[in-house]
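>
2 protein chains.
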Amino acid sequence: MAADTGWPGCAKSLKGVILDLCGVLYDSGEGDGTAIPGSIEAVKKLKASDLQLRFCTNETQAARDTFVAKLQRLGFDILVSEVFSPAPAAVAVLKERALRPHLLVYDGLLPEFDSVDQTNPNCVVIGDAAEKFSYQNLNEAFRVLIGLEKPVLFSLGQGRYYKETDGLNLDVGAYMKALEYACDLKAEVVGKPSPTFFQSVLNDMGLQPHEALMIGDDLVNDVGGAQRCGMKGVQVRTGKYRPSDERHSTVTADGTVDDLAQAADAILNHRH
Amino acid sequence: MAADTGWPGCAKSLKGVILDLCGVLYDSGEGDGTAIPGSIEAVKKLKASDLQLRFCTNETQAARDTFVAKLQRLGFDILVSEVFSPAPAAVAVLKERALRPHLLVYDGLLPEFDSVDQTNPNCVVIGDAAEKFSYQNLNEAFRVLIGLEKPVLFSLGQGRYYKETDGLNLDVGAYMKALEYACDLKAEVVGKPSPTFFQSVLNDMGLQPHEALMIGDDLVNDVGGAQRCGMKGVQVRTGKYRPSDERHSTVTADGTVDDLAQAADAILNHRH
Numbered sequence: 040m041a042a043d044t045g046w047p048g049c050a051k052s053l054k055g056v057i058l059d060l061c062g063v064l065y066d067s068g069e070g071d072g073t074a075i076p077g078s079i080e081a082v083k084k085l086k087a088s089d090l091q092l093r094f095c096t097n098e099t100q101a102a103r104d105t106f107v108a109k110l111q112r113l114g115f116d117i118l119v120s121e122v123f124s125p126a127p128a129a130v131a132v133l134k135e136r137a138l139r140p141h142l143l144v145y146d147g148l149l150p151e152f153d154s155v156d157q158t159n160p161n162c163v164v165i166g167d168a169a170e171k172f173s174y175q176n177l178n179e180a181f182r183v184l185i186g187l188e189k190p191v192l193f194s195l196g197q198g199r200y201y202k203e204t205d206g207l208n209l210d211v212g213a214y215m216k217a218l219e220y221a222c223d224l225k226a227e228v229v230g231k232p233s234p235t236f237f238q239s240v241l242n243d244m245g246l247q248p249h250e251a252l253m254i255g256d257d258l259v260n261d262v263g264g265a266q267r268c269g270m271k272g273v274q275v276r277t278g279k280y281r282p283s284d285e286r287h288s289t290v291t292a293d294g295t296v297d298d299l300a301q302a303a304d305a306i307l308n309h310r311h
Numbered sequence: 040m041a042a043d044t045g046w047p048g049c050a051k052s053l054k055g056v057i058l059d060l061c062g063v064l065y066d067s068g069e070g071d072g073t074a075i076p077g078s079i080e081a082v083k084k085l086k087a088s089d090l091q092l093r094f095c096t097n098e099t100q101a102a103r104d105t106f107v108a109k110l111q112r113l114g115f116d117i118l119v120s121e122v123f124s125p126a127p128a129a130v131a132v133l134k135e136r137a138l139r140p141h142l143l144v145y146d147g148l149l150p151e152f153d154s155v156d157q158t159n160p161n162c163v164v165i166g167d168a169a170e171k172f173s174y175q176n177l178n179e180a181f182r183v184l185i186g187l188e189k190p191v192l193f194s195l196g197q198g199r200y201y202k203e204t205d206g207l208n209l210d211v212g213a214y215m216k217a218l219e220y221a222c223d224l225k226a227e228v229v230g231k232p233s234p235t236f237f238q239s240v241l242n243d244m245g246l247q248p249h250e251a252l253m254i255g256d257d258l259v260n261d262v263g264g265a266q267r268c269g270m271k272g273v274q275v276r277t278g279k280y281r282p283s284d285e286r287h288s289t290v291t292a293d294g295t296v297d298d299l300a301q302a303a304d305a306i307l308n309h310r311h
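Protein sequence lines correspond, in order, to chains W and L.
Going by my numbering, the first residue of the first sequence is number 40, and it counts up by one from there.
Going by my numbering, the first residue of the second sequence is number 40, and it counts up by one from there.
1. Using three-state DSSP, classify Thr204/L as helix, strand or coil.
2. Work out the CA separation of Met253/L and Ile306/L for me, nearest whole Å.
3. Is it right to say Asn178/W is buried, meaning 16 or more other beta carbons lie within 10 angstroms of its own, or is it exposed?
4. Spell out whether any CB of chain W is found under 9 Å from the CB atom of Met40/L.
5. Using a Cβ cut-off of 8 Å, pull out every chain W residue sitting near Ile185/L, in sequence order please.
6. What does Leu340/W reach in chain L if we use C-beta pairs closer than 7 Å?
7. Along chain W, which residues have their Cβ under 7 Å away from the Cβ of Glu170/L?
8. Tell me whether the beta-carbon of Leu299/L lies closer than 9 Å to the beta-carbon of Ser78/L.
9. DSSP beta-bridge partners for Ile57/W?
10. Tell me which residues share the same chain as Ile185/L and place their Cβ nearer than 6 Å to its Cβ, disregarding the 5 neighbours each side in the sequence.
11. Quick one: does Ala221/W have its CB under 9 Å from some CB of chain L?
12. Shortest alpha-carbon distance to Gly62/L belongs to which of Thr277/L, Val155/L, Leu258/L and Glu98/L?
13. Does His309/W get closer than 9 Å to chain L when you measure Cβ to Cβ?
14. With 9 Å as the threshold, decide whether the Cβ of Tyr280/W is near any Cβ in chain L.
15. Where does the unbroken beta strand (DSSP E) through Thr295/W begin, and where does it stop?
16. Kindly confirm or deny that the segment 259-269 of chain L and the segment 238-248 of chain W touch, where touching means at least three C-beta pairs closer than 8 Å.
17. Just curious, the alpha helix (DSSP H) that Cys222/W is in, first and last residue?
18. Could you tell me which residues DSSP puts in a beta bridge with His141/W?
19. What residue ranges within the segment 163-201 of chain L form continuous beta strand (DSSP E) runs of no fewer than 3 residues, ordered along the chain?
20. Indicate whether at least one CB of chain L lies closer than 9 Å to the CB of Arg182/W.
21. At the 9 Å Cβ level, is Tyr65/W part of the contact set with chain L, yes or no?
22. Between Ala295/W and Gln266/W, how many whole angstroms is the CB-CB distance? I'm expecting something under 8 Å.
23. For Asp153/W, is the classification buried or exposed, using 16 other Cβ atoms within 10 angstroms of its Cβ as the cut-off for buried?
24. Count the other CB atoms, across all protein chains shown, that sit within 10 Å of the CB of Thr99/L; report buried if there are 16 or more and exposed otherwise.
25. Give me, in chain order, the residues of the same chain whose beta-carbon lies closer than 8 Å to that of His141/W; leave out the 5 immediate sequence neighbours on both sides.
26. On a Cα-Cα basis, can you pick out the residue from Leu58/L, Gly48/L, Gly269/L and Asp297/L that is closest to Pro282/L?
27. For Val228/W, does the three-state DSSP call read helix, strand or coil?
28. Give the DSSP-derived three-state secondary structure of Asp66/L in the structure shown.
29. Quick one: is Ala213/W near chain L, going by C-beta distance under 9 Å?
30. Along the chain, where does the beta strand (DSSP E) containing Gly272/L start, and where does it finish?
31. For Asn97/L, is the classification buried or exposed, using 16 other Cβ atoms within 10 angstroms of its Cβ as the cut-off for buried?
32. Helix, strand or coil: which one does DSSP assign to Met40/W?
33. Once the 5 residues before and after Ala169/L are set aside, which same chain residues still bring their CB inside 8 Å of it?
34. Starting from Phe115/L, follow the alpha helix (DSSP H) in both directions and report where the run begins and ends.
35. Give me the Cα-Cα distance between Ser124/W and Ser288/W, rounded to the nearest whole angstrom.
36. Could you round the C-beta distance between Phe115/L and Leu148/L to whole angstroms and report it? I think they count as a contact, below 8 Å.
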């Protein structure tokens with residue numbers, strides 16, 4: 040009989056699982072936010088199995104050690120070394136290409152860039168800057184770009200919007216599009232769904248794409264991004280999930296589950 | 040001999056001329072800005088001729104009577120009734136389609152919309168709001184749009200940026216692109232280069248497109264927009280003109296002149 044490549048049969052041949060954070064492990068909101076029911080236990084079970092486990096997020100409002108500490112306070116068994124986020128990936132690219140960034144990011148993210156030369160900038164990096172996306176700040180980033188002979192714009196993710204307790208909020212992708220149009224350029228996206236970003240997680244686990252599965256609440260950036268790299272992608276019906284995702288025109292998840300707890304049980308049950 | 044359709048020979052058969060304001064008649068800046076040398080006299084000469092004359096601008100930081108008064112103070116022979124700008128055009132569309140706008144525009148433009156019902160908005164109108172383009176205000180416009188079953192976004196122009204005395208500034212087009220991306224929609228542009236907008240000026244003069252000539256400093260929005268309507272388009276080397284405009288990949292002006300004074304002389308000399 041041929042190997043089962045569908046969900047959840049494919050779990051049999053898996054060697055690693057990658058989890059998104061916000062909307063999968065917890066919901067953001069006041070204070071630390073709240074853990075999604077069953078997710079703390081699910082992470083524990085996956086860690087206790089023979090599978091490798093990594094976390095992959097587009098979080099750019101806080102430095103990695105800050106938001107990992109928050110998750111630990113919520114009760115999650117998670118280490119900084121297991122978490123991949125856009126800012127450290129951007130720092131690596133900046134150093135590799137000897138680029139000096141003008142930063143338009145949330146104050147909480149600034150410490151991630153402490154080791155990078157920011158004098159006389161020759162590129163711009165934007166993250167989810169939220170209320171720091173004032174006209175003045177965006178115009179300043181625009182003037183840096185338009186003044187460069189070869190303008191380079193890095194965007195930490197390309198999300199359209201995200202959900203907080205008080206409603207929907209514009210995400211970095213909208214401001215990326217504004218600068219792309221004003222400067223007639225194409226931004227380089229660092230973070231999901233960039234294939235380079237997913238590949239760095241696979242490299243860390245020492246796995247081939249077909250040996251890994253991504254679980255996320257964002258159909259396009261988590262599931263679609265992982266699939267374009269050759270991984271399986273499963274969507275949870277928590278976080279920013281919307282029923283219309285299940286009839287999306289271009290991305291079809293390998294599986295859709297109620298939550299991380301259900302996903303973890305399905306994976307582990309198919310390995311015995 | 041065939042009729043000359045090139046510039047400036049085509050002036051012989053012209054019946055009307057349309058002028059852009061900022062960058063053609065004057066440069067904006069502190070106070071009222073400054074008239075471009077020779078332009079006051081050029082407007083006077085064109086008005087004294089047998090040609091019809093109209094003014095067509097994407098100005099959206101002030102109400103029409105306010106910026107026309109400014110031009111009069113600078114010495115221009117110009118009347119409100121001769122000027123076409125996006126806000127009155129938008130008001131006409133809103134009333135025709137019974138739409139109630141949420142406005143994200145510069146405070147000075149608000150009086151233009153006094154006659155429009157703005158309760159319980161079912162569309163969004165954005166103009167060059169400058170420092171009013173805060174994260175909070177853009178997010179508010181976004182929330183109105185994303186909450187509508189059929190979101191409608193009007194953008195008063197689609198400029199990338201403009202020049203002021205202190206440097207380049209982001210224009211409304213960048214914010215239009217941000218909202219288009221976040222809400223997955225296409226904005227309706229009111230103002231140049233919309234064909235509807237140019238056609239309304241032609242209608243007012245009672246002319247066919249081939250009988251009219253547009254003179255502007257913006258190659259894409261003035262010259263290209265007019266040409267797409269069947270008019271001639273001439274660019275002046277003042278305002279936001281850049282030498283690279285003369286080797287643009289998609290738009291080629293019918294003529295390029297140093298300034299409005301030179302354009303007016305060329306037109307009037309070819310009619311005698």
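All residues carry an ideal CB built from backbone N, CA and C; glycine is no exception.
In brief:
1. On the second sequence, position 165 is the one that residue 204/L refers to. The answer is coil: DSSP assigns Thr204/L none of H, G, I, E or B.
2. Within the second sequence, residue 306/L is the residue found at index 267, counting from 1. Within the second sequence, residue 253/L is the residue found at index 214, counting from 1. Our two residues, Ile306/L and Met253/L, have alpha carbons roughly 12 Å apart in a direct line.
3. Residue mapping note: residue 178/W aligns to position 139 of the first sequence, counting from 1. By the 10 Å Cβ count, Asn178/W comes out buried.
4. Taking the second sequence and counting its residues from 1, one reaches residue 40/L at position 1. Model confidence at Met40/L stands at a pLDDT of 46, short of 50, so the residue's coordinates are unreliable; what they give is reported in the following sentence. So, not an interface residue.
5. One-based indexing of the second sequence puts residue 185/L at position 146. Chain W residues near Ile185/L: Tyr200 and Leu207.
6. Outside the displayed span of chain W (40 to 311) sits residue 340/W, for which this structure offers no information.
7. For this step, residue 170/L is matched to residue 131 along the second sequence. Under the 7 Å cutoff, chain W gives Tyr174 and Gln175.
8. Counting from 1 along the second sequence, the entry for residue 299/L is found at position 260. Counting from 1 along the second sequence, the entry for residue 78/L is found at position 39. Yes. Within cutoff.
9. Reading the first sequence from its first residue, position 18 is the one you call residue 57/W. For Ile57/W, which the question treats as bridged, DSSP gives the partners Arg93/W and Met253/W.
10. The residue given as residue 185/L occupies position 146 in the second sequence. Answer for Ile185/L: Cys222, listed in chain order.
11. Here residue 221/W refers to the residue found at position 182 when the first sequence is read from its first residue. At least one chain L Cβ lies under 9 Å of Ala221/W.
12. What you label residue 62/L is simply residue 23 of the second sequence in a count that begins at 1. The residue with the shortest Cα to Cα distance from Gly62/L is Thr277/L.
13. Translated into positions along the first sequence, residue 309/W becomes position 270. Chain L contact via Cβ: absent.
14. As a working mapping, residue 280/W is identified with position 241 in the first sequence. Put simply, the CB of Tyr280/W is far from chain L, with every gap to its CB atoms at 9 Å or more.
15. The count along the first sequence starts at 1 and reaches residue 295/W at position 256. Going by DSSP, Thr295/W is part of the beta strand (DSSP E) stretching over Gly294 to Val296.
16. Verdict: no, contact absent.
17. Walking along the first sequence from the start, residue 222/W turns up at place 183. Unbroken alpha helix (DSSP H) run through Cys222/W: Val211 to Cys222.
18. As a position in the first sequence, residue 141/W is number 102, starting the count at 1. Paired residues: Val163/W.
19. Runs found: 192-195.
20. For the purposes of this step, residue 182/W is taken as the residue at position 143 of the first sequence. Chain L, which has a Cβ nearer than 9 Å to the Cβ of Arg182/W, makes this yes.
21. If you number the first sequence from 1, residue 65/W lands on position 26. The beta-carbon of Tyr65/W is placed no less than 9 Å from the nearest beta-carbon of chain L.
22. Residue mapping note: residue 295/W aligns to position 256 of the first sequence, counting from 1. Residue mapping note: residue 266/W aligns to position 227 of the first sequence, counting from 1. Checking the sequence, you will find Thr at residue 295/W rather than Ala. Contact flag wrong, Cβ pair sits at about 14 Å.
23. Residue mapping note: residue 153/W aligns to position 114 of the first sequence, counting from 1. Taking all protein chains shown into account, Asp153/W has fewer than 16 neighbouring C-beta atoms within 10 Å of its C-beta and is therefore exposed.
24. To locate residue 99/L, count along the second sequence from 1; it is residue 60. With 16 or more other Cβ atoms within 10 Å, it is buried.
25. Against the first sequence, residue 141/W aligns to sequence position 102. Once the five neighbours on either side are set aside, the close Cβ partners of His141/W are Gln157, Pro160, Cys162, Val163, Val164, Glu179, Ala180 and Val183.
26. Against the second sequence, residue 282/L aligns to sequence position 243. Relative to the Cα of Pro282/L, the nearest Cα in the group Leu58/L, Gly48/L, Gly269/L and Asp297/L belongs to Asp297/L.
27. Here the question's residue 228/W lines up with position 189 in the first sequence. Strand, per DSSP.
28. Sequence index remark: in the second sequence, residue 66/L carries index 27 (1-based). In the structure shown, Asp66/L sits in a strand (DSSP, three-state: E or B).
29. For the purposes of this step, residue 213/W is identified with residue 174 of the first sequence, where counting begins at 1. Judged by the 9 Å Cβ criterion, Ala213/W is in contact with chain L.
30. Numbered from 1 along the second sequence, position 233 holds the residue referred to as residue 272/L. Element bounds for Gly272/L: Lys271 to Val275.
31. By one-based count along the second sequence, residue 97/L stands at place 58. Sixteen is the threshold: when 16 or more other Cβ atoms of the shown chains lie within 10 Å of the Cβ of Asn97/L, as they do, the residue is buried.
32. Position 1 of the first sequence, counting from 1, holds the residue named residue 40/W. With a pLDDT of only 46 at Met40/W, under the threshold of 50, the placement of this residue in the model should not be trusted; the figure read from the coordinates follows. Note: Met40/W maps to coil in three-state DSSP.
33. Your numbering for residue 169/L matches position 130 in the second sequence. Only Gln100, Tyr145 and Asn208 meet the Cβ criterion.
34. Taking the first residue of the second sequence as 1, we reach residue 115/L at position 76. Phe115/L -> no alpha helix (DSSP H), and no H or E assigned at all.
35. To locate residue 124/W, count along the first sequence from 1; it is residue 85. To locate residue 288/W, count along the first sequence from 1; it is residue 249. When rounded, the distance between both Cα atoms is 28 Å.
36. Counted from its first residue, the second sequence places residue 115/L at position 76. Counted from its first residue, the second sequence places residue 148/L at position 109. For a cut-off of 8 Å, the C-beta gap from Phe115/L to Leu148/L is around 21 Å, too long to register as a contact.
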